[in-house]
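With the first letter of the sequence shown counted as 1, position 67 gets the number 67 in the UniProt record's numbering; the numbers rise by one all the way through.
Glycine included, every Cβ here is placed at the ideal spot set by N, Cα and C.
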Amino acid sequence: MTRGLELLIAQTILQGFDAQYGRFLEVTSGAQQRFEQADWHAVQQAMKQRIHLYDHHVGLVVEQLRCITEGKSTDVDFLLAGETAVHPTFTGLPSL
1 MTRGLELLIA QTILQGFDAQ YGRFLEVTSG AQQRFEQADW HAVQQAMKQR IHLYDHHVGL
61 VVEQLRCITE GKSTDVDFLL AGETAVHPTF TGLPSL
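Printed below as a string of structure tokens:
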């Protein structure tokens, strides 16, 4: 795995997480108000929305990784090599 590919994979994962977390915070920002107003339906809807956001963003990142790796992202040997190569790159990236 090349250094450029490692960096691209790490950045894709980090950007996907940051996008999901930003939306998560938006949904969560009204939690106190929903609780104080005992708006249990809205509480439940917000919980469902947070779960959906996670699933949606993970799906987007998976699709991006499939494109980046030209479909090798499900190959066990590629993944094992990638884990060893990408992890140090990922942990060395600054937060966005």
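{"Query": "From this set, TYR21, GLU6, ILE9 and LEU5, which residue's C-alpha is nearest GLN49's C-alpha?", "Result": "TYR21"}
{"Query": "With the cut-off set at 8 Å, would you say THR12 and LEU65 are in Cβ contact?", "Result": "yes"}
{"Query": "Quick test of your reading: ARG34 and VAL27, contact by CB under 8 Å. State the CB separation rounded to the nearest angstrom.", "Result": "10 Å between Cβ atoms; not a contact."}
{"Query": "Taking the CB atoms as reference points, tell me whether GLY16 and HIS57 lie closer together than 8 Å.", "Result": "yes"}
{"Query": "Specify the secondary structure class of GLU63 as computed by DSSP and reduced to three states.", "Result": "helix"}
{"Query": "Could you give the residue range of the alpha helix (DSSP H) that holds GLU36?", "Result": "31 to 36"}
{"Query": "Just the C-alpha distance for PHE24 and LEU14, rounded to the nearest angstrom, thanks.", "Result": "15 Å"}
{"Query": "Which one of ALA19, ILE68 and HIS41 has the shortest CA to CA distance from ASP55?", "Result": "ALA19"}
{"Query": "Distance, Cα to Cα, ALA46 vs GLU36?", "Result": "15 Å"}
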